[in-house]
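Protein chains in written order, with the numbering used here: chain V, 132 to 584; chain A, 132 to 584.
For glycine and all other residues, C-beta sits at the position ideal for the given N, C-alpha and C.
See structure below.
Number of protein chains: 2
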Amino acid sequence: MRPIERRIDGYLSENLERYIEETAHLCAQPSISARAEGVAECAHLVAQMLEAHGLAVQLFPTPGAPIVYGHAEGASPRTLLFYNHYDVQPPEPLELWTSPPFEPTVRDGALYARGAADDKGELVARLAALDAVRAAHRGTLPCSVTFVVEGEEEIGSPHIASFVQEHLSLLRAEGAIWEGGGIDPEGRPVLTLGVRGILSVELSVQTLARDAHSGAAHRLPNAAWRLIWALASLKGPDERIQIPGFYEGALPPSPLDEQLLDALPVYEELERQIYGVREFVRGMRGKELNRAVFEPTCNIAGLSAGYQGPGMKTVLPARASAKVDFRLVPGQDPEDILGKLRAYLQQAGFGDVSVERLGAMWPAKTAADAPFVALAARSGAEVYGRPALLVPLEGGSTPIYAFAGPLHELPVVFAGVGYWDNRAHAPDEHVRLQDWLNGARHIARILEGFAAL
Amino acid sequence: MRPIERRIDGYLSENLERYIEETAHLCAQPSISARAEGVAECAHLVAQMLEAHGLAVQLFPTPGAPIVYGHAEGASPRTLLFYNHYDVQPPEPLELWTSPPFEPTVRDGALYARGAADDKGELVARLAALDAVRAAHRGTLPCSVTFVVEGEEEIGSPHIASFVQEHLSLLRAEGAIWEGGGIDPEGRPVLTLGVRGILSVELSVQTLARDAHSGAAHRLPNAAWRLIWALASLKGPDERIQIPGFYEGALPPSPLDEQLLDALPVYEELERQIYGVREFVRGMRGKELNRAVFEPTCNIAGLSAGYQGPGMKTVLPARASAKVDFRLVPGQDPEDILGKLRAYLQQAGFGDVSVERLGAMWPAKTAADAPFVALAARSGAEVYGRPALLVPLEGGSTPIYAFAGPLHELPVVFAGVGYWDNRAHAPDEHVRLQDWLNGARHIARILEGFAAL
């Protein structure tokens with residue numbers, strides 16, 4: 132370890148307690164975007180915190196929650212951008228929390244609170260890394276930094292893309308660290324390089340003005356049947372999506388992506404245990420389970436029609452609906468898929484099925500051979516003592532597209548304070564203090580090396 | 132009109148107010164079988180009422196609500212059986228009632244209360260008919276009568292079949308009047324002669340121990356998709372049910388049934404208006420809509436999986452379920468269909484879809500040329516001044532099978548106090564006083580003619 136890193140690590144260890152207190156202070160402020168609870172208050176608190184850490188802050192209103200922007204010039208004009216969010220998931224069910232979600236508590240080497248990991252603890256770890264690097268350089272940052280902290284991540288980031296479009300010059304950067312990184316069950320740092328896009332829709336059918344008695348089923352059209360046939364026309368048991376042109380433009384993994392995928396651990400047995408899986412989709416096993424992330428999906432997230440209580444009710448439902456999400460791989464465009472879905476249903480005889488767009492995000496992927504990726508991997512290996520895992524594409528979706536495209540294919544990686552059982556989105560969410568410290572050390576090393584890339 | 136009928140009609144008109152009061156008294160006693168509310172109290176009240184009308188009463192306990200049995204000997208040993216029920220549907224939503232459901236109120240020539248029509252008003256009309264006929268014959272009934280008044284009709288009559296099997300000698304009869312008859316929108320008496328059977332099942336699939344994030348949809352099996360594919364394998368848009376052997380034994384309408392079906396009015400326009408139907412099943416129109424009752428059906432009464440609230444949630448549901456009812460025509464047997472359904476799902480690759488039997492009723496049908504049918508039709512025509520409509524088979528189901536089979540193909544017809552807009556099962560249920568009176572006059576004439584058949 133070079134002296135500079137020793138100074139950084141020393142600074143972070145010595146000030147750990149103070150930073151955990153700062154994290155607890157932030158977590159004590161509820162900021163539940165799903166019901167706009169405490170969001171504005173939390174935005175102001177975050178703005179004060181960024182200022183206290185030496186950033187020049189601007190608060191941008193949106194039709195939803197404000198976006199907190201912070202910037203600090205460093206010795207190099209090369210800018211590293213940090214994406215975080217200050218909003219949290221609703222804490223319910225409250226009775227499953229060991230200590231109340233908005234009364235942060237340290238026990239067994241971890242801080243428990245809603246937001247402790249996702250994403251308030253992670254944000255504070257990044258601010259701490261900034262302090263540590265600045266201290267190690269006698270007050271000067273080696274590179275410039277920009278922080279974007281939004282307040283609507285947990286509800287699909289509806290305003291981040293237009294914010295970026297309207298403030299491109301403020302956001303110029305040469306690399307970005309996304310939120311939500313961490314380590315795998317074996318303690319290896321996981322660097323995610325890409326995410327799938329998503330198109331969420333609600334399909335609904337109304338065949339009648341009101342429910343009828345099921346004794347009329349030989350005459351009156353049943354909305355649930357119409358919905359079932361429409362859904363079955365989208366995908367059969369072979370899992371192939373039948374919308375014409377759906378796979379058009381979908382990029383397969385590059386040879387390097389394939390190498391990285393095959394080098395990843397396979398969590399087949401773990402998933403079998405956690406989810407009680409008897410058989411994976413298409414009977415896949417082993418490495419196939421990792422490679423399949425390059426397959427776009429059509430998922431039913433919800434089905435609703437008629438009577439759903441105990442016992443029977445002989446009703447013929449007038450209305451039926453399904454929530455459907457498509458996960459899209461690089462090369463696919465959710466707006467294009469939406470058009471193809473609508474056209475296909477029409478052409479397949481399901482013009483009575485209406486399609487409401489609920490939300491969309493585009494896929495985004497950083498080339499695995501970008502120098503920025505190498506820096507993040509090298510730093511991670513140094514901090515965690517184990518080689519970093521590079522994940523070319525993750526199954527979920529997050530609004531990287533909002534930044535990466537408009538900002539000239541900005542390379543983006545994930546690096547953070549999470550671990551597999553930190554209960555993000557669930558009761559007893561927590562961040563382990565050691566993970567918090569390692570996350571901050573990792574970020575500090577990236578800040579250290581970024582100017583020279 | 133013969134003098135005897137004049138005396139009967141005079142008696143009923145003179146005593147109308149008293150009988151409506153008696154109906155109101157019975158309706159004021161809640162008897163909601165779905166939640167066992169007031170059911171035992173109502174059984175005792177009905178027993179007292181039958182006794183007050185000159186019947187020898189027995190109260191038979193069941194594992195659910197008691198069955199009230201009443202019998203009176205007449206001049207002829209030929210016995211007419213009446214099937215009624217004292218339980219009612221839940222009154223909710225309460226806010227849609229003009230007057231409270233259990234505070235019976237007369238307004239605009241009708242009695243409003245839960246049960247006013249279905250089936251308490253109808254029961255009292257039959258007791259009134261009994262009184263009127265007895266009075267017209269100086270205290271003697273021309274035929275014997277048996278009343279069976281059960282308390283679980285609204286929850287599928289789970290105990291009526293075994294009650295009949297265990298008390299065959301008490302129930303010997305040569306004809307039966309079912310509950311739930313009435314007049315059509317044009318004031319013609321409707322005599323239903325048969326009902327379809329029903330098999331109700333819940334199909335459910337569990338693919339995972341818990342819900343997962345939809346970002347894993349390329350790996351983890353989705354219960355909603357399994358359910359959709361299983362349902363789509365039962366019936367496609369051509370409406371043909373794909374279970375092998377499903378239609379085996381299903382009897383087509385007899386030539387007389389076809390004549391009667393074609394003589395029935397077609398309510399195509401009315402149904403288009405009430406239900407906002409754009410297109411009927413299989414594009415049917417006109418008389419086809421009546422004939423189609425001889426087609427058995429497979430109806431989805433409910434669908435449930437995953438997230439059903441507003442907006443989106445990117446969840447992959449572990450569990451999905453559907454309520455399905457099959458309406459069966461004469462010649463089909465629900466237990467046989469259940470076995471065939473299970474075998475088919477297994478063979479079609481849906482062994483993971485479990486089938487829970489929720490309930491069953493067998494079809495039942497009285498021959499349209501039975502002399503008892505002619506008596507009911509003749510009497511109806513006399514009371515209503517219009518020829519009776521004979522409906523060989525109705526789309527719904529009711530436990531006629533429990534009586535008709537064990538009691539040597541007992542002929543059963545419907546005749547009652549209902550009309551199309553009496554809001555049975557809905558808020559503002561009511562019986563019009565004129566309908567009540569006509570219903571009682573009709574029953575009295577059947578009692579009059581029954582001994583001589």
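Which word fits Gly312 (chain V), buried or exposed, when buried means at least 16 other C-beta atoms lie within 10 angstroms of its C-beta? buried
Just to confirm, are Thr210 (chain V) and Ala304 (chain V) a CB contact at a threshold of 8 Å? yes
Are the CB atoms of Ala451 (chain V) and Ala436 (chain V) nearer to each other than 8 Å? yes
Which one or two residues does DSSP pair with Thr277 (chain V) in a beta bridge? V:His202 and V:Leu212
Reducing DSSP to helix, strand and coil, say where His573 (chain V) ends up. helix
What residue range is occupied by the uninterrupted beta strand (DSSP E) comprising Pro232 (chain V)? It is not in any beta strand (DSSP E) - Pro232 (chain V) carries neither H nor E in the DSSP assignment.
Examine chain A for any beta-carbon lying closer than 8 Å to the beta-carbon of Gln478 (chain V), and answer yes or no. no
Mark Gln478 (chain V) as exposed unless 16 or more other C-beta atoms lie within 10 angstroms of its C-beta, in which case mark it buried. exposed
Between Ile431 (chain A) and chain V, is any beta-carbon pair separated by less than 8 Å? yes
I'd like the span of the beta strand (DSSP E) that includes Arg319 (chain A), first residue to last. Here Arg319 (chain A) belongs to no beta strand (DSSP E), and DSSP marks it neither H nor E.
Could you tell me whether the region 377–386 of chain A touches the region 358–370 of chain V, using the rule of 3 or more Cβ pairs below 8 Å? no
Which word fits Trp551 (chain A), buried or exposed, when buried means at least 16 other C-beta atoms lie within 10 angstroms of its C-beta? exposed
If we ignore side chains and look at the alpha-carbon of each, how far apart do Arg166 (chain V) and Ala256 (chain A) end up? 56 Å
Could you give the distance in angstroms between the alpha-carbon of Glu283 (chain V) and the alpha-carbon of Glu283 (chain A)? 52 Å
Closest by CA to Ala575 (chain V), which one among V:Glu560, V:Leu334 and V:Arg509? V:Arg509
Local Cβ density within 10 Å of Gln565 (chain V), reported as buried at 16 or more and exposed below that: exposed
Contained beta strand (DSSP E) runs [length at least 3] in the region 256–301 of chain A, N- to C-terminal order: 274–281
C-beta contact flag for Pro558 (chain A) and Trp228 (chain A) at 8 Å: yes
Are the beta-carbon atoms belonging to His349 (chain V) and Glu426 (chain A) less than 8 Å from one another? yes
Between the beta-carbon of Tyr217 (chain A) and the beta-carbon of Ser230 (chain A), is there less than 8 Å? no
In the DSSP output, which residue or residues are listed as bridge partners for Pro520 (chain A)? The residue you asked about is not Pro; residue 520 (chain A) is Leu in the sequence shown. The partner list for Leu520 (chain A) (beta bridge, DSSP) reads A:Val321.
Between Gln463 (chain A) and chain V, is there a C-beta pair that is closer than 8 Å? no
Which word fits Pro273 (chain A), buried or exposed, when buried means at least 16 other C-beta atoms lie within 10 angstroms of its C-beta? buried
Length of the line joining the Cα atoms of Pro461 (chain A) and Thr154 (chain A): 36 Å
DSSP-derived helix/strand/coil call for Gly252 (chain V): helix
With C-beta atoms as the reference, is Val548 (chain V) less than 8 Å away from Gly516 (chain V)? no
Is Gly527 (chain A) close to chain V? Criterion is C-beta to C-beta, closer than 8 Å. yes
Excluding the 5 residues preceding and the 5 following Ala499 (chain V) in the sequence, name in chain order all residues of the same chain whose CB lies nearer than 7 Å to its CB. Leu324, Leu387, Asp388, Leu391, Leu521 and Pro523
For Leu254 (chain V) and Glu285 (chain V), I'd like the C-alpha separation in whole angstroms. 15 Å
Delimiting residues of the alpha helix (DSSP H) encompassing His156 (chain A): Leu147 to Cys158
Rounded C-alpha distance that separates Ala501 (chain V) from Pro542 (chain V): 7 Å
Report yes or no: is there a C-beta of chain A within less than 8 Å of the C-beta of Gln220 (chain V)? no
Verify whether the separation of the beta carbon atoms of Gly527 (chain A) and Arg327 (chain A) is less than 8 Å. yes
Between which two residues does the beta strand (DSSP E) harbouring Leu330 (chain A) extend? Gly328 to Gln337
Run through chain A and tell me which residues come within less than 9 Å of Gln439 (chain V), C-beta to C-beta. Gly433, Leu434, Ser435, Gln439, Ser452 and Lys454
What does the alpha-carbon distance come out to for the pair Ser207 (chain A) and Thr497 (chain A)? 23 Å
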